[in-house]
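Residue numbers (the UniProt record's numbering), protein chains in the order written: chain A, 1 to 264; chain B, 1 to 301; chain C, 1 to 599.
Put into structure tokens, the structure is as follows:
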């Protein structure tokens, strides 16, 4: 029941990413300077922005930019993080220590600064923001997976499998991996929320998709110059980001609780 | 303690190495990158080559770079035509004010909310946890925008931008502190509730303690432990958030400098900011680690 | 207060009638009547879920959040407790009655010094002037037998031994000189010698005039100290009366089964549980003769495992055949150290075919490390282990694998030993699927025996057979271990261990986490299995009664060394080593008249 509302919103969001035209028929880039900064009303449900573009349409189409960045960055980060974490967790001690220390060092840098360091090298742009966020998040996943690998490797059920005479490979494949990889969907769901916030932050700073692209963070960045006269231009993309992250977090925690109930 | 110092130094060394690698890995000629969008004359190029020793092998350059860092020489910004150390020093004050104020707000708010709601009625706890959920899900700059439009534009209580006087500090510190309060509040409340279910809490109640005394004398210390381990996250939230907050509120500070450096690809400044934030991290996590040991006698050494 | 000379009816400290406690609609205490007089010790005995702890806590208004306490009459210290507000309860706690819980490591605040914990009681009740608090704290520590109180008071609970910690917990409970001590399983986490000391300490308090309400699952603990006993089951009192009468001439069948379930010297060779033996199950398994012909043979010199001992289709015989000729598992001069700490120190043992070797010792004696050495999960620093007279230690794991099915492990916490995502059926099938690889290497080693891989259907049948053998229905195969009770989980673990038809079962505290009646069933099951298959068992336990019940021979361990070894009767009746003597003497015993008729 409590999962129903956020799940519905996420489905709606997926629809906005896949086929925004089904939700709104208005072009998000069509400017109409004569109707700039119109308050919410029958013509523009969410009002219009400083160039007279429909805010509702921009919010809907913005989902594509914001979520694409978030999802791609998360997939990249999870993949690399899992591989590195597993490599560390299953390696001999010296290699594990080396990898673990490098995760530690990378995570000493605040994510946003690490992302800015990457962008300082690569320059702004959608792809670069994705890379920047992914790089910044890799150490988190790698550390979690390494720790999890360590726990599972020393779990009683793994030792029990040794007493059955199973080979190392069979134990790693049948017992260690499934229990290490199990929590990843949960981690990724919650991590996606963080990535969406990070993406909006970088876009807000002007590092992401360049105008006139509709991206929630970039919309907010533009809107802050018109706060005094048009609150709606900032409010709706803001709500979109917040709702997205809230729903992802709620669904993620719910999955986590179910998962933890399953693994004693 | 010596071990901690060693780890700290290792982190600093690694951060320096990482940012140096970033410089080398950056596409294009290193001289071009270092010049960035500053004045590009043959003299300046020659100066850069001399300072960074770009005509020498990379290993020598790297060692030379470390050697200069050890002497506190952070290099020179060719775009601003000033020493990097000097630039950072001039901007550290406002950022320190902002982050310290935000940290104080975050910690205080989190503590008050957690103590007031832990183990209380369902509604109160539900409200607190919903507020925490929203505060961690809202991008930090959105909180800032909301605060600005309500308190500056609509009510006119606080200045819109700048760093003149304590009044100008209120909104930025709130914008930066609220998300921190959200996360810390969650962790603290969870810790309190777990502590209040432990057998020692039953024993303490059986001695005739009031619930308030139980929280104050027993449970709070237990709840602090998980919060203290959030050092890395805490530092990141403060420093990363400072960049956005300073840009949003038009405050001078290290965040503004970092942003300008990134946009202008002023690598010496970017590298120095990275080093500085690693140093801040090392300091904060060392302090928190020490306080963890002070709180929990079970951790040896 | 004088020593209890008056009859208990004169004045009661506490009297409850028809006490009921419920949590969100579920009643867990369903009408208990209880009274405690000054200087008297009343014990509430019951298994987990009987409601005994909730009863005890509700007497201090501490039944917990969401609880509703009702009673026909409820008087504490001469006042009507039904109308008590939070303030009334608080004034009572600590002052009128002190609470002692089990395991002081978590029942004392781990982040505060023990002195601070005791001082807190003095401060809350203003028991002594502020200036005298430290002095009084030290007096209290001394009075419960803590040596060097001044130094100890500055220490934290984790820095003290289990026994000292428990003494501190008692000191904090009696600090405000309450008339009543409520002790909820006060000795449960302790070693047997320490348990004896703590019981003596409580008895001294009682002799000094303090009343005692003792909550325990252990009838023997209660026997030594309680004046009256109340047996609880499912929230109700099933039997109540003077201790001697309840324990020696119980009237209620539940009390009788509880008493009969306690393993001890007297119970050797008999069934502990009142449940009938699993004859049907045994008959069903008998069709496919276990062990014989099925297990992988790696060499012709191995005798047929368990052959000739099994009597299928009949209730297990009382005695069993032990062949001292063939050592299935042996360790010589085993040592293992972690850093500077020697955990196992030159231990040697031999386990013969069909025999049970009990290994007994207190916590930290090295029992579990020895088990891991025996299982080939740990390499000894010195000495060697052999299985069927072939090297078992000092060989690469690859070399051990073919013999692995021959030696299986049953551990204390079955749930930890189960793959968290597998169903019961899949768990039991796992070691079976391995007869494939095991028989492969067996055939490689030139001894082409009857071993072959099992088909999917055969494996399924075998799983159901094994489940039936341990008394579980086929429907359990599809369920997840988390949905099962502790006893059922241990049965699943046993079924899984039996799957590969082992010659040796290493049982590491297999019943320590179970209630006594469930423990009885599991011990009976192990006995049946041994009688049926002739499996040898290395049986590790801290519980001397259990070891006495199951073992043929016993090793007593202390600080990593074997201090006593011999036949079970000799070790338990004529122990030679001083430590073994102290250990045996410390075991709390039920009254002699134990010839309870159980049918």
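The beta carbon of each residue, even a glycine, is placed where N, CA and C say it ideally should be.
Quiz item: Hey, out of 568(C), 14(C), 509(C), 467(C), whose CA is closest to residue 529(C)'s CA?
Solution: 467(C)
Exercise. Closer than 9 Å by beta-carbon distance: list the chain D residues that pair up with residue 296(B), in chain order.
Key: The structure shown contains no chain D; its protein chains are A, B and C.
Practice problem: Express the C-alpha separation of residue 212(C) and residue 205(C) in angstroms, rounding to a whole number. | Solution: 8 Å
Quiz prompt | Close beta carbons around residue 148(A), own chain, < 6 Å, minus the five adjacent residues each side | solution = 180
Quiz item: What is the rounded straight-line gap between the Cα of residue 436(C) and the Cα of residue 355(C)?
Solution: Confidence at residue 436(C) is low in this model, with a pLDDT of 43, below 50, so the placement of that residue should be treated as unreliable; the coordinate-derived value is given next. About 29 Å.
Quiz item: Is residue 124(C) closer than 8 Å to residue 78(C) when the C-beta atoms are compared?
Solution: no
Self-check item: Close-in-space but distant-in-sequence residues of the same chain around residue 331(C) (CB under 7 Å, 5 per side omitted)
Solution: 347, 348, 349, 373, 374, 383, 385
Quiz prompt | Closest by C-alpha distance to residue 238(C), when choosing among 567(C), 32(C), 456(C) | solution = 32(C)
Quiz item: Beta-carbon of residue 120(A) versus every beta-carbon of chain B: anything under 8 Å?
Solution: yes
Quiz prompt | Every unbroken alpha helix (DSSP H) inside the segment 355-406 of chain C [4 residues or more] | solution = 367-374, 397-400
Quiz item: What residues of chain C sit near residue 260(B), judged by a beta carbon separation below 9 Å?
Solution: Neighbours of residue 260(B) on chain C: none; closest Cβ ~47 Å, over 9 Å.
Exercise. Would you be able to state if there are at least three C-beta pairs under 8 Å between the segment 187-202 of chain B and the segment 106-121 of chain C?
Key: yes
Practice problem: Put residue 2(B) into one of helix, strand or coil per three-state DSSP. | Solution: helix
Quiz prompt | Where residue 148(A) falls: helix, strand or coil (DSSP) | solution = helix
Quiz prompt | Proximal residues, the segment 182-205 of chain B versus chain C, C-beta separation under 8 Å | solution = 198, 199, 200, 202, 203, 204, 205
Quiz item: Whose Cβ in chain B lies nearer than 8 Å to the Cβ of residue 95(C)?
Solution: 208
Quiz prompt | Contact set between residue 111(A) and chain B, taken where Cβ atoms lie within less than 8 Å | solution = 236, 240
Exercise. Tell me, please, whether the segment 252-270 of chain B touches the segment 84-96 of chain B by the rule of three or more beta-carbon pairs shorter than 8 Å.
Key: yes
Quiz prompt | Three-state secondary structure assigned by DSSP to residue 450(C) | solution = A caution first: residue 450(C) carries a pLDDT of 41, below 50, which makes its placement in the model too unreliable to give a value.
Quiz item: Would a C-beta distance cut-off of 8 Å place residue 588(C) and residue 43(C) closer than the cut-off?
Solution: no
Quiz prompt | C-alpha distance - residue 121(C) paired with residue 416(C), whole-angstrom precision | solution = 39 Å
Quiz item: Terminal residues of the continuous beta strand (DSSP E) containing residue 26(C)?
Solution: 26-36
Quiz item: Assuming residue 64(B) and residue 53(B) make a contact with CB atoms under 8 Å, what is their CB distance in whole Å?
Solution: 5 Å
Quiz item: At a Cβ threshold of 8 Å, is residue 71(B) touching chain C?
Solution: no
Self-check item: Between the CA atoms of residue 140(B) and residue 223(B) - distance to the nearest angstrom
Solution: 26 Å
Quiz prompt | 6 Å Cβ shell around residue 128(C) - same chain, five flanking residues per side excluded | solution = 122, 136
Quiz prompt | Reduced DSSP category for residue 132(C) - H, G, I as helix; E, B as strand; rest coil | solution = helix
Quiz item: Name the DSSP beta bridge partners of residue 219(A), please?
Solution: In DSSP, residue 219(A) forms no bridge with anything.
Quiz item: Below 8 Å between beta carbons: does that hold for residue 256(A) and residue 191(A)?
Solution: no
Practice problem: Below 6 Å CB to CB, which residues in the same chain sit around residue 58(C) once its five sequence neighbours on both sides are set aside? | Solution: 21, 69
Quiz item: Taking any Cβ of chain B, which residues in the segment 41-74 of chain C have a Cβ under 7 Å from it, in chain order?
Solution: 60, 62
Quiz item: Secondary structure at residue 207(A), three-state DSSP: helix, strand or coil?
Solution: coil
Practice problem: Helix, strand or coil for residue 87(B), going by three-state DSSP, please let me know. | Solution: helix
Quiz item: Can you name the residues of chain A whose CB is closer than 7 Å to the CB of residue 265(B)?
Solution: 120
Quiz item: To which residues does DSSP link residue 539(C) through a beta bridge?
Solution: 358(C), 507(C)
Quiz prompt | For residue 30(A), the nearest candidate out of 5(A), 144(A), 57(A) (CA to CA) | solution = 57(A)
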